[in-house]
Structure formats: C-alpha cells, structure tokens
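Let me begin by presenting the structure, written as structure tokens, before commenting on it.
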Amino acid sequence: MTDRPDLAIVGAGPAGLAAATEAATRGLSVTLLDERAAPGGIVYHAVTRSPLGGSAVLDADYCRGAGLVEAFRSSGATYCPGASVWAVDRDGSIGVTVDGQARWLRPRRVLLATGCMERSLPFPGWTLPGVMTAGAGQILLKDSGAIPDGPVVLAGTGPLLLLVAVQYLRAGARIAAVADLTPPGAWQRGLPQLAGALGCLPLLRKGLSMMAELRRSDVRRIPGVTGLRAIGTDRLEAVEVRQGARAERIPAGVLLVHAGVVPNIVLTRMLRLPHRWDPRQRCWRPDADAFGATALDAVAVAGDGARILGAEAAIHAGRLAALDAAHRLGVLDRAERDRHAAPEQAAIERHAGLRSLLDAMYPPPDALTFLDADTTICRCEDITAADIRAAIADGCRDPNQVKAVTRCAMGPCQGRQCGQTLARIVADATGQTEEDVMPPRARPPLRRLTIGDLAALETE
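Under UniProt numbering, the final residue of the sequence shown carries the number 460; numbering is consecutive throughout.
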C-alpha cells in the first residue's frame, strides 16, 4: 500500500466501492480503507458469501451488490480490510492502523464514504441484552442466516423496519408483533410527494409488495404506538407497548428497534466542515456540492454519509465524486467530467424524489418521545437523562459543557450513539431548537491506539 495515493477512500459501502472502481478505471491510484473484513458496507454486508445469498429471504437488490464488489476487485484499486481510521486532518492526511501498524497516509485527495448510522432512540430498558437495532439483526441474518429461537418483536418506523420484518418472516422467525411508531396518516402525508417518486417505480413496487406480504401473514401489527419499554432482569423478557392510555406486555426474547438512519458525520465534524440541518430527516449533514466537494479542497463526501438517499443513489454519488477527483487531479477536463456526470446526477434526482415521499410518510420520532429520567443516554459512561438535565440545571448550556461535566459522549464511541440525543435534551431544556444545537465533536484518536503505535509514528 502506497502512503501517497491519488485518492484515498474511507468506507467500502455502495458509494466507496463505486467511487474506487470509477477512479481506478480513470487511471488514478486508489486506496480504499475499510474497517470491515470484506467489501460491501452495511447494505451489502457479506454479499459474496452469505448463506442466504440468492435465496428468497434476501432480495435481488441485495444480491446485485455482488456485481459491485466484483467490479471493484477487478479495478486495480488497493483494498485495505480491517483498517481502523483514527484521524483525518484538514490537509487530507489520514491516520490509520492496518495490519496492526499505525501510519499516516497523505493522499492527494480524500473521499469520505462513511455511510449512515441507525438513529439512536433511547427508551427504558434499551440496554438489556436481547435489545438491538433492526440493522444489527439484519447483519446477523446476512452473515450467517441466524434468527432468534424465541419470539421477536420489531418496533419502529420506516422502510428498513418493514424490510427486516419481511426478511425475518421469510427466514422462519417467530414474530410476535410489529409495533409501528409511525404517526397516523402516512399515505395522506406522502400523497403530495407521490408524483416525484414515480421515477423510482421498481422500488415503490417493492415497498408495496413487502407491505402486502406482511399483511397476508399472521404477524400482528400494532399501529399508533406512543410508548415503548423493554422489560427484564438479566436480559429481555417482554416488551411493553403503549397506545395512548392502553399498555400491553408482549413476551419476547429479542426486540429489534429502528427509528430511521442519519449520516455518519463523525469525520466531517472532526474536520470542522460546515454542516446543515435537515428538518425533514431531523439530522445534520455535511454541506457539499453536487459532486460531494466540501469547504476543504482535499476532502469530498459521498453516499448516505453526505445525504440520506439510499444505496442505489449512493452508487451514483460515488461515481460523481470519483469523476470530480479525476477532474481536480488533471485526468479529465471539466466538459468531459460534466458529460459523464449528467446521467449520474439525473439518477440521484430520481432517488431524491423517492426520498421526499419516504420522509413525508415516515417522519423520524423525537428522541425525547420515550425517555424517562432514569433512561440511560450514554451507554459507554452510564449517564442517564436525569444526569444530563441536572448538569443543565447547574448552568451548562451546550453539549460540550455537559460532556465536560458528566462525561456523556466521552466514552469509546465518542458520542456516535448518544450525541444526537444529548443535543436534543440540551435544546429542550434550554428553550432552543434542534437546529441551534449540534452534537459534541469527536476528537482524535477515534479508535484505540497503543503506546507502541504512537512510538512507531514518532520515529517515522
């Protein structure tokens, strides 16, 4: 692996793979850094080796990811699995540990294709063993075909929850209930956006087909859920679901929760890039142009880490970023870049129309919806909502002040799980809007570094 490639890409999901393939095909030297053991990211996790690949459980959209992986492997780009990125500097330098050795890469250009994260939705009991995100449950299914032995409850909102419910149903899981947190009137909210979504008709048909499949099954759906609690001593034993004043306990060994996804902005925040608040998706995203270029000349973003539009749009965004990199590095002139970019941009616009429909139908829940005072917010440091509000009552007025006083967001995950909820609590308690309060910024190193790693860096 060269320490000075033309383009270094962080992340090997749809955007990263497409960008690496396009850039390498254009003649750039490309290094792709992947914290996972194999390319594909979360969406195409284990796509070339899943025991369920090609089965009816995982659909054709997932299986098509194998072609993306194979094209990347044939492109000539350098692939670094198990790469732990612990810093990115504003000049584009990347601190990374590969094969147990910490080093600095100094590429001519950096593309951050870090994808999305599931939105954190704390509620009483969410730290119990047996409670996990729907995405985590899906990864286990893709990786080994594993499903729980006992009853499963799914709770949340949005297309991924529907997809995982159908996949678990096909795999033979015993689904006790699907607790729907979506506010009533989804189709009425979405109707004004329907015409703009027709450019993605196959995906619309897929969604309608999954809804019909779930309705035909004997899986119980609980609409209009307004309260959620996981109950158990040493692990999950039951899920309490509330509809207004009515509460019900459902025995379950596993609870899969999904409240939508948000861009993974850990690295872009570390770089102090400008970000914008997306009121419909209720999240922050980096400010970038159509090619993913940011305020830093050496740094670009692509895929769901830049804007939540889905896996297919991320592929097109990755190619756009690669074309722009080739232009900026002198391989393509502007006219040629724009000519190749036009169909990619048109495809992204089609997916943006679909996303507008989904955003209207499935508004993300407020992070405060299910909290009580004793709910754990920061799992790393065991900080509760009451601890945070006490710090605010003592005079803290922003998340960084709360972080300094309570250690919330100061653990190994550096706020990836709790940062957005922390910011929401601060906004609520201080009379500010969500747009007024950003989550605390992560600091390098993002990952564990040993004394030996640091010593080796100092002598290079």
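All residues carry an ideal CB built from backbone N, CA and C; glycine is no exception.
Item	Value
Identified DSSP bridge partners for ARG319	DSSP output for ARG319 lists no bridge partner at all.
Residue(s) in a DSSP beta bridge with ALA155	ALA179 and VAL257
Buried versus exposed call for ALA56 [16 or more other C-beta atoms within 10 Å across all chains shown]	exposed
Cβ separation of MET210 and VAL164, assumed to be a contact under 8 Å, to the nearest whole Å	Going by Cβ atoms, the distance from MET210 to VAL164 rounds to 10 Å, so no, they are not a contact pair.
Sheet register partners of ARG4 (DSSP bridge)	According to DSSP, which records beta bridges pairwise, ARG4 is partnered with nothing at all.
Whether ALA12 touches LEU32 by CB criterion (8 Å)	yes
Segment contact, 8 Å Cβ cut-off, at least three pairs: the segment 312–322 with the segment 289–297	yes
Residue of CYS80, PRO439, CYS413 and LEU154 minimising C-alpha distance to PRO39	CYS80
One or two residues paired with ILE231 in a DSSP bridge	ALA238
CB-CB length for LEU112 against VAL261, believed under 8 Å	In fact, because the Cβ distance is near 16 Å, the residues do not count as touching under 8 Å.
Residue interval of the beta strand (DSSP E) (run including VAL85)	84–88
Assigned exposure category for LEU446 - 16 Cβ within 10 Å defines buried	buried
Reduced DSSP category for TRP284 - H, G, I as helix; E, B as strand; rest coil	strand
Rounded straight-line distance, which links the Cα of ALA60 to that of THR459	Note that THR459 has pLDDT 49, beneath the 50 cutoff, so the model's placement of it is unreliable and no number is given.
Start and end residues, alpha helix (DSSP H) containing GLY135	134–144
Meets three-Cβ-pair contact criterion under 8 Å: the segment 271–284 and the segment 358–365	yes
Straight-line gap, LEU17 to LEU58 (C-alpha atoms, nearest Å)	21 Å
As assigned by DSSP and simplified to three states, the class of ILE308	coil
Own chain partners of ASP6 with C-beta closer than 8 Å, once the 5 adjacent residues on each side are dropped	ALA23, LEU28, SER29, VAL30, PRO107, ARG108, ARG109, ALA325 and LEU329
Anticipated Cβ contact below 8 Å, PRO122 with THR376, distance rounded	7 Å
Identity of the residue in ALA390, ALA346, VAL299 and LEU368 nearest ASP89 by Cα	VAL299
Where GLN414 falls, given that 16 or more other Cβ within 10 Å makes a residue buried	buried
Continuous alpha helix (DSSP H) stretch holding THR268: start and end	266–270
Helix, strand or coil at GLU248 [DSSP, three-state]	strand
Closest residue to PHE72 among THR21, ARG379 and GLY65 (Cα-Cα distance)	THR21
Beta-ladder partner(s) of VAL402, from DSSP	Answer by DSSP bridge pairing: none, since VAL402 is not bridged.
Identity of the residues DSSP links to HIS275 by a beta bridge	PRO286
Nearest-angstrom beta carbon gap, VAL426 and ASP398 [assumed within contact, 8 Å]	6 Å
Opening and closing residue of the alpha helix (DSSP H) in which THR25 lies	14–25
Supposed close pair LEU154, LEU236 - CB separation, criterion 8 Å	In fact, because the Cβ distance is near 13 Å, the residues do not count as touching under 8 Å.
CA nearest to the CA of HIS316, picked from THR2, PRO184 and LEU68	LEU68
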